[in-house]
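Protein chains in written order, with the working numbering: chain C, -7 to 42; chain Y, 879 to 1077. Notes for the one structure printed next.
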Amino acid sequence: MRTPKIDLKELRKFKEQNFKERLEFIDKYAKWVKKNSNNKWSSEQKNIIE
Amino acid sequence: MEIIFSKNKIELKKELNNLDKFVIDFISILNKLNIEYVLVSGYVSILFGRNRSSEDIDLFIEKINFDKFSELWDILNKQFECLNSKDIKDSYYNYLTENCAIRFSRKNEFIPNMEVKFPKNDLDIWTLKNKKEVILNNKKIFISPMELQIPFKIFLGSEKDIEDARYLYNIFKNKIDINLLKEFNRKLNIEDLFNKYLR
Chain C
-7 MRTPKIDLKE LRKFKEQNFK ERLEFIDKYA KWVKKNSNNK WSSEQKNIIE
Chain Y
879 MEIIFSKNKI ELKKELNNLD KFVIDFISIL NKLNIEYVLV SGYVSILFGR
929 NRSSEDIDLF IEKINFDKFS ELWDILNKQF ECLNSKDIKD SYYNYLTENC
979 AIRFSRKNEF IPNMEVKFPK NDLDIWTLKN KKEVILNNKK IFISPMELQI
1029 PFKIFLGSEK DIEDARYLYN IFKNKIDINL LKEFNRKLNI EDLFNKYLR
């Protein structure tokens, strides 16, 4: 079977970019949590966790 | 987010998820027996809203003797079971006193589980001594202080840990003792990583 060519340098770059985007998302999420009521964020958190 | 933050106490009311309920049920037994403990894991960030789950929750308990441990074991075993060993002496002498964790889950379940350890070094002892009280829906729990929790997560260094640190820092940066946090950054030798990921 022919397997694809893998460019590790490119993959590492994507991985770093993905991590950076996730950190930016966490900033947005933390801002949202601070802005909203405990009832609102904890009820959404409960839906995700359970 | 409605949160009351003072030097030694944080008050928070939230809709409890299964992980919160598991922690409260386990901790209430330690509170009842007056056993000192501190929660140190990723659960601290989940408690304050980070949107992820966890299969284990890390906890230090004060070094207790075998008699006290027997008392704890008997009460815990009504609701929970030890996943490492069913034998109390094995759990105490071959795990806890050897600085290995014992894990407890609810009976007939595997996750989540509480990973219970004795403090093994100066840092663990400091954490236990300087624990922060959280009043969660009128229940008392003790967690690692943010000034250590955040740098230690960076020190652990996985993407998940750094995300936890970034989240907690975002939530608490205006409330914590920044000089103490910087001191831990220095001692853990993570100042560059802190500046890279949290600034």
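For each residue, glycine too, the CB sits at the ideal point set by N, CA and C. Since we're looking at a predicted model, the values are computed, not measured.
- Within chain C, LEU15 have C-beta atoms less than 8 Å from the C-beta of Y/TYR1075, given in sequence order.
- Excluding five sequence positions before and after Y/ASP934, the CB atoms of its chain that fall closer than 8 Å to its own CB belong to SER919, ARG981, ILE989, PRO990, ASN991, MET992 and GLU993, given in chain order.
- Residues of the segment 908 to 924 of chain Y whose Cβ lies closer than 8 Å to any Cβ of chain C, in chain order: ILE924.
- In this structure, Y/LEU917 and Y/ILE1019 form a Cβ contact; the two beta carbons are roughly 7 Å apart against a cut-off of 8 Å.
- Its chain contains LEU897, SER919, GLY920, TYR921, ILE924 and PRO990 as the residues whose beta carbon lies nearer than 8 Å to that of Y/SER932, once the 5 sequence neighbours on both sides are disregarded; these appear in chain order.
- If you draw a straight line from the Cα of Y/LYS998 to the Cα of Y/PHE938, it is about 9 Å long.
- Across the structure, Y/LYS956 and C/PRO(-4) are spaced so that their CA atoms are roughly 55 Å apart.
- Following the DSSP letters along the chain, one finds Y/PHE900 inside the alpha helix (DSSP H) bounded by residues 896 to 910.
- When 9 Å is used as the limit between beta carbons, C/PHE11 is near these residues of chain Y: GLU1037, ILE1040 and GLU1041, in chain order.
- Here DSSP, grouped into helix, strand and coil, assigns C/ASN39 to helix.
- Chain order gives the chain Y residues near C/LYS38 as GLU893 and ASN895, where near means a beta carbon separation below 7 Å.
- Rounded to the nearest angstrom, the gap between the Cα atoms of Y/LYS1009 and Y/LEU961 is 27 Å.
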